[in-house]
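Visitor: From first to last, the protein sequence lines stand for chains A and B.
Going by my numbering, the first residue of the first sequence is number 1136, and it counts up by one from there.
Going by my numbering, the first residue of the second sequence is number 848, and it counts up by one from there.
We put the beta carbon where it would ideally sit given N, CA and C, even for glycine.
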Amino acid sequence: MTRLRTFVSRLWALLRARQMDRDVDDEIASHLAEAKDEYIRQGLSPENAHQAALRSFGGVTQARQIHRQVRSFAWLDDFRQDLRFTIRAVRRSPGFAAVAILTLALGIGMTTAVFSVFNAVVLRPVAYPNPERLVWLATVGSDAEPGFVSAPDFVDWREQAESFDGMAAYGSGDGTLSSVEGATRVRYDTVTEDFWRLTGAQPSFGRLPRPGERGVALLSDGFARQWFSSGQEVVGRSVTIDGRPVTIIGVLPRDFRFHFPRPAFTGFRPDVDVYRPLFASSARSGPVQLLDVVARLRPGVTLERARAEMETVRARIAQAHPSPFNNRRRLRLVPLQEQLMGGARLALVVMLVAVVFVLLIACGNAANLLLARASVRHREIAIRVAIGAGRGRVLKQLFVETLALATSGTAAGLVIARLGIEMILRINPQAAPRLAETNIDIRVLGVVLSVSVLSALIFGLAPALALWSVDPNHALKDRARNVSAGVGHVRVRRLLVGAELALALVLLIGAGLMLKSVWHMSAYPPGFEPGQVLSMELELSGQEYSQTQRRIAFVDALLTAVRAEAGVEAASISTHGSFRTRTQFLMTDGERPPSPEEFVARSPITINVTSEALPRVMGLQIVRGRWMNDDERAVVINESLARRDFNGSDPLGRRIRLIGPQMPVLTIVGIVADLRYSKLDALPEAEVYVPYRTGDPFGVFGFFALIRTTGEPLAVAPRIRKLVSEIDQTQVPDTVMTLEQALAESIAPRRLNLFLLGAFAIAALVLAVIGTYGVMAYSVTQRVHEIGIRIALGARRAEVIRMIVNQGISVTLAAVIVGLLGALALSSLMEGLLYGVQPRDPLTFAIAAVALAATAVVACWAPALKAAQADPTSALRYE
Amino acid sequence: MTPDKNDVLYGTLGLIVIKTLEAMGPLHGYRIARRIEQISGNQLALNQGTLYPALIKLEQMGWISSKWGTSESGRRVKIYALTRAGRKELQKAEAQWQRATSIVERFLKISENVS
């Protein structure tokens, strides 16, 4: 009780320190006056009485000092003093403070931005109940593939597995929703009942589907507002999705997000607009649905136990329904969070490392600035030590100064972080899962604060050490510019600059490798001009298009109409990258069908259902033979496929069947060069081109219309849209952009990585150059006297320049060597982010090293020039 | 100088101050200092300045209270008075002090007997 009271009154005393100081002064004055009166009464002269009063009082200053310490928190009082001192110092040299704060703000801001992204994508659990118990279940053929679960497997798993208290399957697709408002493309997810339990979703209007209820849908809040411009009234309305009647039974809350891993084929729409019930069929014959599955572990069940149980379940299924296909696939059961991050984690770890480098460089610069000031303040501190300040007290003061800088830097850094996050999100919110949810939350703030204190410790350490050994006797005897004292400082500062340059080099190399990767990806073969091609995704929806003839008729009408448009050079369709049809084998005529084992072992061949004009649209290089006509029973294969399936023998003229024996026999009439035209960072795939009038039996429901234009492709886009609605007004093009944009989007994560790493490298380079310049300029001003003597004794200016620059070059060279070694050690970390470039690509290393060295030399040059222009008379007079 | 090291000093001085206030009623700083000097027969050469840190500490503990008033000579002075908590504390401290000194006394007597 007493303790609390004391604490409160101490706090109170702290707040009204000025008032209390005045009170004590008044009290002491009265005390002295009373004492003086008494001494006078005792017969002393007023003069002597005053002296006697002071004597019996003891030290007035000490009493006041002790009073201040006793009544409040001594350390806080010191702190306040130090802070006041710091503010005074900042006012005296605002330039110094501004540079230090800006540098730190840049480092801390960038670190905060990247950590916020890392936090949103990697650290923050999904916003569903018990996120730590959610797991992802799939069967995979290889580690690289995302995996899936077949519907009958899912039904059996859900029934038999005991480790889970909920297991949901889901699928995803794009469709056309028609209502009285018109028709629009939507992304819908189909979800089984448990989905609602696992996500804990409760609609804000309406209700969830009842078990077994079909023909119903829930809308996302965003879609309900955007399309129906209302929430509540939409419940109960009837619409059609892809021609099937659907009743809207509910609208989900605004903050509900679909957080499960995205199915491999998602289209371009980022958010789910519509949720519909999914019913998994347990039938093992006929076409089988492939699903994505998420489950929640029962409390207390470990991943290992769940895995073990699932293996038993799978073994049981394998016994009951032998299937070579399933035997080949392995179970994958991982925490949902891990599956969600996917490859984004590696990229983010690399970015975090990179940004910490930038932060270190910023700290190096701040340390350098403080050191420069420390050598100026050498004498001031010597005096303070001489008149009795403890070294601890001096250090404390220095630390307060660095802390004040760090705090201001952090505040400014938070602003930079905010801008940085906005920029990252604007570039591409889809570049990583959940990237769009990036914000600065409590955890980020906590990390930022510790980072800033830590950085204050780091950059405050060097000057503190430099001042630790201040010998007042020595320092005070020295003249203001002492050469021997300066040497130690300059050495520390050069070390710092060297470290900065080395770190910057590592970043430059990293950015260079990324740049080369992206450059490799977008190095198009001659003739392929994606900037001239309009790409429009169409998915035919509605009952009538279940007939092959109707689909072919639609494509016929579309291509004829588009070709007739002004400004269109050529138009084709292509199913590559849209509706994927694949086969494992081209069965040459007369060959025996492959065994199931052989079938499973092969990587699939992409079947591109396309048309006559594709080579003209895409600039496809025909290597041998010729392209096919739309009506021909012929195919063209690419070089990868020719190499893979016809080792040595001539594929031309061979008669093949695609997929199965029921398919028509087609003749190979040509071979074209490989072309990557849907995903830039994928390896070229084996591909077979089939004319759409022949190939439609595969069911071409979705395709890209690729239109090569003479002018700007996007200019014709509105007319093409109109053409589509003239052919069939219920059909709506999905995405319309130039092929170049589509390709750029296919490597969005890599472009984001490039952007970030590039930004860090540039920031690092600029900071390191500023640091170099600062140190060189400082060492030149220190040596003005010496240089003046040299020039007076007849040294030529060129020699002076060389002398100074050489000094910089030795630091730079050492930095380049260390940086190269560092990059050699670290660049393999990036391997997964690179494309077509070795992590130790010598050319990139060389160019980055030369660029860094050149910039550093330029940074040395300016101070050297200034030194050479020194006027010997004024330099010598200058004290 | 950390406050902790002086706690004993302040403790003794504090006890003396409280006892003085109990005996004399409310007093201002100079009077307290003089009173202590008189009681101790000028044996305790008090640095009068050290009184004020002790006073603020006692006040923060809640054992004494202060308010501005005027001295006999009409000066504006802070007048300190014992609070109820201070009185209680004094009783406790006196008892403790008595016990402590009596123990020490006994030891001194024993050593006299032994020698």
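#1: I want to verify the contact list: residues of chain A whose CB lies under 9 Å from the CB of Thr897 of chain B, in sequence order.
#2: Ile911 of chain B and Leu929 of chain B: beta carbons closer than 8 Å?
#3: Which residues does DSSP list as the beta-bridge partners of Pro1412 of chain A?
#4: Considering only DSSP beta bridges, list what Ser1709 of chain A is partnered with.
#5: Identify the contact partners of Gln907 of chain B in chain A, using a Cβ-Cβ distance below 8 Å as the criterion.
#6: Provide the residue span of the alpha helix (DSSP H) that contains Ser1914 of chain A, from first to last.
#7: Buried or exposed for Val1268 of chain A, going by 16 or more other Cβ atoms inside 10 Å?
#8: Which of the three DSSP states, helix, strand or coil, is assigned to Met1763 of chain A?
#9: List, in order along the chain, the chain A residues whose C-beta lies closer than 8 Å to that of Ser918 of chain B?
#10: For Asn889 of chain B, name the three-state secondary structure that DSSP assigns.
#11: Might you give, ordered along the chain, the residues of its own chain that have their beta carbon closer than 6 Å to the beta carbon of Arg1751 of chain A, omitting 5 neighbours on each side?
#12: Is there contact here, the stretch 1936 to 1950 of chain A with the stretch 1660 to 1677 of chain A, by at least three beta-carbon pairs under 8 Å?
#13: Let's see if you can read the secondary structure: which residues bound the alpha helix (DSSP H) around Trp1292 of chain A?
#14: Leaving aside the five residues before and after Pro1338 of chain A along the sequence, list all residues of the same chain whose C-beta is less than 7 Å from its C-beta, in chain order.
#15: Quick check on the burial criterion: 16 or more other C-beta atoms within 10 angstroms. Buried or exposed for Ile950 of chain B?
#16: From the DSSP output, in three-state form, read off Glu1704 of chain A for me.
#17: If you run the structure through DSSP and keep just helix, strand and coil, what is Val1423 of chain A?
#18: Name the chain B residues whose beta carbon is nearer than 7 Å to that of Val1159 of chain A?
#19: Go to Met1476 of chain A, then tell me how far its alpha helix (DSSP H) extends in each direction, as first and last residue.
#20: Taking only three categories from DSSP, how would you classify Gly1499 of chain A?
#21: By how many angstroms is the C-alpha of Arg953 of chain B removed from the C-alpha of Ile886 of chain B?
#22: Using the C-alpha atoms, what's the distance from Arg1433 of chain A back to Gly1335 of chain A?
#23: What is the rounded straight-line gap between the Cα of Asn1617 of chain A and the Cα of Arg1206 of chain A?
#24: For His1456 of chain A, count the other beta carbons within 10 Å of its own beta carbon; 16 or more makes it buried, fewer makes it exposed. Which is it?
#25: Return the residues of the stretch 1172 to 1187 of chain A that lie within a Cβ-Cβ distance of less than 9 Å from chain B, sorted by chain order.
#26: Expressed to the nearest angstrom, what Euclidean distance is found between the alpha-carbon atoms of Ala2016 of chain A and Val1985 of chain A?
#27: Report the rounded CA-to-CA distance for Pro1266 of chain A versus Leu1258 of chain A, giving the unit in angstroms.
#28: Exposed or buried, what is Pro1396 of chain A when buried is set at 16 or more other beta-carbons lying within 10 Å of its beta-carbon?
#29: Restricting to Cα atoms, I'd like to know which of A:His1394, A:Ala1879, A:Tyr1323, A:Ala1637 is closest to Asp1408 of chain A.
#30: Glu906 of chain B lies in the alpha helix (DSSP H); which residues open and close that run?
#31: Name the DSSP beta bridge partners of Tyr1305 of chain A, please?
#32: Between Ser1619 of chain A and Gly1193 of chain A, what straight-line distance do the alpha-carbon atoms span, to the nearest angstrom?
#33: Tell me, which residues are paired with Glu1672 of chain A by DSSP?
#34: Using a Cβ-Cβ distance cut-off of 8 Å, determine whether Val924 of chain B contacts chain A.
#35: Run down chain A in chain order and give the residues with a C-beta less than 8 Å from the C-beta of Tyr877 of chain B.
#36: Residues bridged to Thr1311 of chain A by DSSP?
Guide: Here's the rundown:
#1: Gly1193, Gln1197, Ala1198, Ile1201
#2: yes
#3: A:Val1326
#4: A:Thr1745, A:Phe1839
#5: Arg1140, Thr1141, Ser1144, Arg1145, Ala1148, Arg1206
#6: 1883 to 1917
#7: In the sequence as displayed, the identity of residue 1268 of chain A is Arg instead of Val. Result: buried.
#8: coil
#9: Ser1165, Glu1169
#10: coil
#11: Ala1705
#12: no
#13: 1286 to 1295
#14: Leu1353, Gly1385, Val1386, Leu1387
#15: exposed
#16: strand
#17: coil
#18: Tyr899
#19: 1471 to 1476
#20: helix
#21: 26 Å
#22: 16 Å
#23: With a pLDDT of only 45 at Asn1617 of chain A, under 50, the local geometry of the prediction cannot be trusted, and the value read off the model is given with reservation. Between Asn1617 of chain A and Arg1206 of chain A, the C-alpha separation is close to 44 Å.
#24: exposed
#25: Asp1172, Glu1173
#26: Residue 2016 of chain A lies beyond the range of chain A shown here (1136 to 2014); nothing can be said about it.
#27: 12 Å
#28: buried
#29: A:Tyr1323
#30: 898 to 908
#31: A:Val1326, A:Asp1427
#32: Per-residue confidence for Ser1619 of chain A stands at a pLDDT of 41, beneath the threshold of 50, marking its modelled position as unreliable; the derived number appears in the next sentence. Their Cα atoms are separated by approximately 45 Å.
#33: A:Phe1839
#34: yes
#35: Ser1165, His1166, Glu1169, Ala1170
#36: A:Arg1320
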